[in-house]
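*Asks:*
Residue numbers (this note's numbering): 4 to 180.
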């Protein structure tokens with residue numbers, strides 16, 4: 004019965020709650036119903052979908068933009084001042100194509116402070132994105148990314164480095180998004 008209720012709550016989240024135009028109401032839902040840890044100064048914008056209850060933590064001044072997908076089955080931790088762009092996908096579970104019966108596996112994803120994930124980027128299970136790193140739009144990240152690295156491509160490869168003197172904030176101040 005717990006599984007059915009949990010699945011129903013995830014469905015209600017993705018079909019209804021994530022579409023409410025008030026961030027403060029969504030934040031209450033995410034904390035109290037979904038079991039997420041979301042800092043008061045952070046924002047999860049409209050239309051973000053989650054694959055499971057629990058398994059999501061978000062630091063201060065971070066933002067997950069519209070229509071992103073968060074696969075929380077294996078756990079996702081976002082640091083402070085992190086920006087996840089629209090339609091980005093973070094996966095934490097998959098299937099092993101080389102195992103008999105394609106056995107499933109989970110691998111949590113950790114994204115360090117000041118990191119930026121571009122539009123339509125895909126982060127695969129078990130990846131760590133270092134502090135201040137930038138993942139370009141459309142990149143597919145299959146391995147961990149060093150701090151302050153800029154990565155792009157399929158699969159993602161380092162194309163540059165970012166200045167390590169970061170003081171920018173991604174705090175989102177639009178209450179109706």
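Idealized CB from N, CA, C, for every residue including glycine.
All values derive from a computational prediction rather than experimental measurement.
Can you check whether the CB of residue 73 is closer than 8 Å to the CB of residue 180?
*Replies:* Stepping through the chain shown from its first residue, residue 180 is reached at position 177. Stepping through the chain shown from its first residue, residue 73 is reached at position 70. Not a contact, by the Cβ cut-off of 8 Å.
*Asks:* Among 25, 114, 35, 147, whose alpha-carbon lies nearest the alpha-carbon of residue 79?
*Replies:* On the chain shown, residue 79 is found 76 positions in, with the first residue counted as 1. For the residues 25, 114, 35, 147, the minimum Cα distance to residue 79 belongs to 114.
*Asks:* Since residue 107 is in the beta strand (DSSP E), which residue starts that stretch and which ends it?
*Replies:* Counting from one through the chain shown, the residue named residue 107 turns up at place 104. Per DSSP, residue 107 belongs to the beta strand (DSSP E) from 107-109.
*Asks:* Considering Cα atoms alone, identify which of 109, 121, 20 is closest to residue 96.
*Replies:* The residue given as residue 96 occupies position 93 in the chain shown. Ranking the options by Cα distance to residue 96, first place goes to 109.
*Asks:* Where does the unbroken beta strand (DSSP E) through residue 85 begin, and where does it stop?
*Replies:* Locating residue 85 in the chain shown gives position 82, counting from the first residue. Residue 85 -> no beta strand (DSSP E), and no H or E assigned at all.
*Asks:* Using a 10 Å radius around the Cβ and a threshold of 16 neighbouring Cβ atoms, would you call residue 26 buried or exposed?
*Replies:* Taking the chain shown and counting its residues from 1, the one referred to as residue 26 is at position 23. By the neighbour-count rule (16 or more Cβ atoms within 10 Å), residue 26 is buried.
*Asks:* Relative to the alpha-carbon of residue 128, which residue among 76, 149, 41, 68 has its alpha-carbon at the smallest distance?
*Replies:* Counting from 1 along the chain shown, the entry for residue 128 is found at position 125. Ranking the options by Cα distance to residue 128, first place goes to 76.
*Asks:* According to DSSP, is residue 136 helix, strand or coil?
*Replies:* As a working note, residue 136 is residue 133 in the chain shown. It is coil, neither helix nor strand.
*Asks:* Below 8 Å on the Cβ atoms is my contact criterion, and I expect residue 90 with residue 70 to pass it. Report the Cβ-Cβ distance as a whole number of Å.
*Replies:* Sequence index remark: in the chain shown, residue 90 carries index 87 (1-based). Sequence index remark: in the chain shown, residue 70 carries index 67 (1-based). The pair is a contact, with the Cβ atoms about 5 Å apart (cut-off 8 Å).
*Asks:* At what residues does the alpha helix (DSSP H) containing residue 154 begin and finish?
*Replies:* In the chain shown, counting from the first residue as 1, residue 154 sits at position 151. Looking at the DSSP string, residue 154 is not in any alpha helix (DSSP H); the run it does join, the beta strand (DSSP E), is 152-155.
*Asks:* Give the range of the alpha helix (DSSP H) segment to which residue 9 is assigned.
*Replies:* Translated into the one-based positions of the chain shown, residue 9 becomes position 6. Residues 5-18.
*Asks:* According to DSSP, is residue 57 part of a helix, a strand, or is it coil?
*Replies:* The sequence position of residue 57 within the chain shown is 54, counting from 1. DSSP places residue 57 in coil when its eight states are reduced to three.
*Asks:* Taking the alpha-carbon of residue 145 as reference, which of 92, 13, 8, 23 has the nearest alpha-carbon?
*Replies:* Along the chain shown, one-based indexing puts residue 145 at 142. Selected option, being the one with the closest Cα: 92.
*Asks:* How would you write the range of the beta strand (DSSP E) that residue 22 sits in, first residue to last?
*Replies:* Position 19 of the chain shown, counting from 1, holds the residue named residue 22. Note, residue 22: premise wrong, no beta strand (DSSP E); not H, not E.
*Asks:* Give the secondary structure of residue 165 by DSSP, where H, G and I count as helix, E and B as strand, and everything else as coil.
*Replies:* Walking along the chain shown from the start, residue 165 turns up at place 162. Residue state, collapsed to three classes: coil.
*Asks:* For residue 65, count neighbouring C-beta atoms within 10 Å of its own C-beta (all shown protein chains included) and say buried if the count is 16 or more, exposed if not.
*Replies:* Numbered from its first residue, the chain shown carries residue 65 at position 62. Residue 65 is buried by the Cβ-count criterion.
*Asks:* Nearest-angstrom Cα distance between residue 151 and residue 139?
*Replies:* Locating residue 151 in the chain shown gives position 148, counting from the first residue. Locating residue 139 in the chain shown gives position 136, counting from the first residue. Near 13 Å, if we compare the C-alpha coordinates of residue 139 and residue 151.
*Asks:* Can you give me the Cβ contacts of residue 163 inside the same chain, cut-off strictly under 7 Å, excluding the 5 residues immediately before and after it?
*Replies:* Walking along the chain shown from the start, residue 163 turns up at place 160. Only 153 meet the Cβ criterion.
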